[in-house]
Amino acid sequence: MSQNSYRILIVDNARAIARRVELLFTEHRNQITTITLADSYEQAVMHLQHQTYHLVLLEIHLKDKSGIELLQFIKANYPDTIVVMFTNKASARYRDVCMQLGANAFLDKTTDFEMLPQVVMQSLEEVYG
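Taking our numbering, I'd label the letters of the sequence shown as residues -13 to 115.
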């Protein structure tokens, strides 16, 4: 097991979902030292400008702009940051667009919720391991 400590930014306009996701990582708190929640593009950008994050967990639908726009911003300005899309808008079209823009993974909230910690930890280990 890696001794790295990781910082994650969860960007989701549904605060209850973001908090539930945060709870999924309880057993990984020895490796994930910081989990920050943001509910908008603007708030996420502010956090990214003030803190280095290893991984961003990102919803497509945000209250001020699209998560796809935020994905583009992250990949242009923080290319080493892992981005995992985690959304209810899990159509093949959205998946293809996000993966072409540099998302590291694309998960459906309705079917992939419980596998999220495994995908996140595996992505972190592969990139930063």
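Cβ atoms here follow ideal geometry from the backbone N, Cα and C, with glycine treated the same way.
Have a look at residue i and residue j and give me their C-alpha separation to the nearest angstrom.
i, j, result
"Leu23", "Ile(-4)", "5 Å"
"Met32", "Ile68", "17 Å"
"Phe59", "Asp66", "12 Å"
"Asn(-1)", "Asn16", "27 Å"
"Tyr(-8)", "Ala30", "17 Å"
"Val70", "Glu100", "14 Å"
"Phe92", "Asn(-10)", "24 Å"
"Lys75", "Lys95", "9 Å"
"Ser77", "Lys49", "20 Å"
For residue i, which of the options has the nearest alpha-carbon?
i, options, result
"Leu44", "Thr12, Leu57, Met32, Glu28", "Leu57"
"Lys51", "Asp94, Ala62, Ser26", "Ser26"
"Asn90", "Thr97, Asp98, Arg81", "Arg81"
Below 8 Å on the Cβ atoms is my contact criterion, and I expect residue i with residue j to pass it. Report the Cβ-Cβ distance as a whole number of Å.
i, j, result
"Ile(-6)", "Thr20", "7 Å"
For the region -2 to 41, list the alpha helix (DSSP H) runs that are entirely contained and at least 4 residues long, ordered along the chain. Runs found: 1 to 10, 27 to 36.
Report yes or no: do three or more beta-carbon pairs, one from the region 33 to 41 and one from the region 7 to 17, lie closer than 8 Å? When Cβ pairs closer than 8 Å are counted between the two stretches, the region 33 to 41 is seen not to touch the region 7 to 17, the count staying below three.
Within the chosen definition, does the region 102 to 115 reach the region 79 to 86 through at least 3 CB pairs nearer than 8 Å? Here the region 102 to 115 makes no contact with the region 79 to 86; the two share fewer than three CB pairs at distances below 8 Å.
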